[in-house]
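What follows is a short report on a single structure.
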Amino acid sequence: MTTTVTHRRALIDGQWADGGDGEIEVRSPHSGELVGTVARCTAGQAAQAVAAAARAFPGWRKTPLLDRVALLYKAYELCKERNEAIARQISREMGKTIRESREEMAEYACEHFRRASEDALRYRGQFLPSTQERTNSKRIVVSQEPAGVVAVVTPWNFPVDIAAITICYALAIGDTVVWKPSEYAPLSSAMLADIFLDAGFPPGTLNMVTGGGEAGRAVVAHPDVAAVVFTGSTRTGMEVASATGLKNRVLELGGNGPIIVRRDADLERAADAAVAGCFYLAGQCCTAAERLLVHESVRERFVALLAERAGKLRVGDPLADSTDMGPLCHAGVLERTRQHVDDAVAAGATVVLGGTSRGLYFMPTVLAGVTPDMAIAREETFGPVAPVISVGSDEEAIDLANATGYGLTAAVFTNDLRMAWRYADSLRHGTVLINETTNYWDQLAPFGGRGRSGTGRELSSWMLDALTETKQIVFDIG
Ligand code: NDP
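Going by numbering that gives the first Met the number 0, 337 is the number at position 338 of the sequence shown; the sequence numbering is gapless.
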């Protein structure tokens, strides 16, 4: 089947613009076919987009909340109509399975329009008592003001969902936005931008600067940007952290999440969770189970259950309904996965399943005999690999789970409620899951990490902390 080739441009001040630095080709990770092209913007165009957002801010901020919400609801209806088309574009350009793309659109991305509207309508300030000078004559009101221009930089693994969270919440609360999507998923990103434009958001309220890292760098460092919401690797996140200086920020970075399997765990359930944790989206998820810390007494049985399940996954064309796992998104991800597996094997790990690749496809892989010093245990792999590390005690499992400096998501399988609490208290991760896979998150719960996994929280009203400035207004009525 021949793929339709789509040519997309940047969105600056309500107008579609060619890239000042040519175009970027987007190729299917499945077939290598050209899927489309996108404008490669210059730093100058990034500055134009920030200027447009800064011009639009005062008017947008004063637009009645109910009018902003009405536009978001209109956009929600458009998104619902376009879910399937966008899902197909996501699968084409970055390779996740069509079932995963449909989930991204219908369960996550589309609902952000509604959730942001509802949260903005119910976002409350505070009224504080007068305590200074014992006069009882002060009345203090604390309000949350829109921060101004928000820079949003997004990765390719959930190209529409992750962008939609910040964009919807920022626009709902009265901020304006400059968005730099990933160069590996710009076509579905442009379809999200279409929705805002078609719903009638005023020019400059949402700008999309397409291109590579250069464009992202120019946006986050711009002095007229008030807040930065960056999602991507820890390495880029560190650069962004120094470039943003004193701006408000949320950094959603890489993970190295463990699933801990205690000796009392329901092993079948833990093996199911490991499959979802290691192979969902071919392991290319910040919340992926990057390490399986399994008690030595149940390790053999657990590995057998896991390999049996992983061996049944149907790997192939992401657009086929029956496919369970698609290709990796690009050659860099494949190379790192290959390297981590090869290093582990050279250092004594055993390949129980998989370990092979073809094109950008890496087969579901189970490694036994992995040790904590191996790169695969210390660093984020972001590929379909289940590295099993044997542990002898709860203390050892907790130490290893906390040892890599990443702190996004950790999971524990146990039937002992007392131990579950102890683990929850001791694991230094933004989310601790008991008897659930690491790849679980709730749209109304605070999501984010600590340490090398970043700072700040997103989803629901937690998102608004970074998108607003807290102001106190003091009245003296004495
Ligand atoms: P990258 O860090 O490579 O890129 C993320 C975005 O930043 C892209 O749009 C990229 O542009 C842009 N960029 C690159 N360099 C700079 C720079 N110097 N300044 C500003 N922006 C820049 O991450 P990936 O796209 O490869 O995404 C995968 C990573 O994202 C994984 O580590 C994953 O764990 C993490 N992630 C974290 C999540 C979380 O919530 N914690 C959720 C999802 C993913 P371009 O790609 O066009 O070069």
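Here a beta-carbon is modelled for each residue, glycine too, at the ideal position from N, C-alpha and C.
Query, Result
"Below-7 angstroms beta-carbon distance, residue 335 vs any chain D residue", "No chain D appears in this structure, which consists of one protein chain only."
"Residues near residue 367 by beta carbon distance below 6 angstroms, same chain, minus five either side", "302, 349, 351 and 387"
"Cβ-Cβ distance between residue 124 and residue 145 below 7 angstroms", "no"
"Among 28, 199, 347 and 451, nearest to residue 251 - alpha-carbon criterion", "451"
"Three-state secondary structure assigned by DSSP to residue 497", "Nothing about residue 497 can be read from this structure; the chain reaches only from 0 to 477."
"Buried versus exposed, by CB contacts within 10 Å (16 or more), residue 206", "buried"
"Own chain partners of residue 200 with C-beta closer than 8 angstroms, once the 5 adjacent residues on each side are dropped", "70, 74 and 170"
"Contact the region 41-51 vs the region 9-21: 3+ CB pairs below 8 angstroms", "yes"
"Residue(s) in a DSSP beta bridge with residue 145", "467"
"Coarse secondary structure for residue 31, derived from DSSP in three states", "coil"
"Residue span of the beta strand (DSSP E) that contains residue 256, given as start and end", "256-260"
"DSSP bridge partner residues for residue 79 (one or two, in chain order)", "Answer is none; residue 79 lacks a bridge partner."
"Beta-bridge pairing of residue 457 - partner residues as DSSP gives them", "446"
"Ordered list of beta strand (DSSP E) runs contained in the region 279-352, each at least 3 residues", "288-294 and 349-352"
"Separation of residue 410 from residue 126, as counted between CA atoms", "39 angstroms"
"Unbroken beta strand (DSSP E) run spanning residue 366, endpoints", "364-369"
"N-terminal and C-terminal residue of the beta strand (DSSP E) that residue 226 is part of", "226-230"
"For residue 9: DSSP bridge partner residues", "16"
"Closest residue to residue 429 among 132, 87 and 455 (Cα-Cα distance)", "455"
"Cβ neighbour criterion (16 or more within 10 Å) applied to residue 135", "exposed"
"Alpha-carbon to alpha-carbon, residue 431 and residue 343", "27 angstroms"
"C-alpha distance - residue 91 paired with residue 5, whole-angstrom precision", "11 angstroms"
"Cα-Cα separation between residue 129 and residue 143, rounded to whole angstroms", "20 angstroms"
"Per-residue DSSP class, three states only, for residue 472", "strand"
"Supposed contact pair residue 377 and residue 403 - C-beta distance, whole angstroms, cut 8 angstroms", "5 angstroms"
"Cβ separation of residue 260 and residue 246, assumed to be a contact under 8 angstroms, to the nearest whole Å", "Residue 260 to residue 246, Cβ: 41 angstroms. No contact."
"For residue 295 and residue 354, believed in contact at Cβ under 8 angstroms, the rounded distance", "Their Cβ separation, rounded to whole angstroms, is 23 angstroms, which puts residue 354 and residue 295 out of contact at 8 angstroms."
"heavy atom of the ligand NDP below 6 angstroms from residue 285 C-beta", "yes"
"Run of the beta strand (DSSP E) containing residue 117, from where it starts to where it stops", "Careful: residue 117 lies outside any beta strand (DSSP E), inside the alpha helix (DSSP H) at 109-120."
"Heavy atom of the ligand FAD within 6 angstroms of residue 181 beta-carbon", "Among the ligands present in this structure, namely the ligand NDP, the ligand FAD is not found."
"Beta-ladder partner(s) of residue 249, from DSSP", "228"
"Neighbourhood of residue 180 by C-beta distance below 7 angstroms, restricted to the same chain and skipping five residues each side", "153, 158, 162, 188, 207 and 209"
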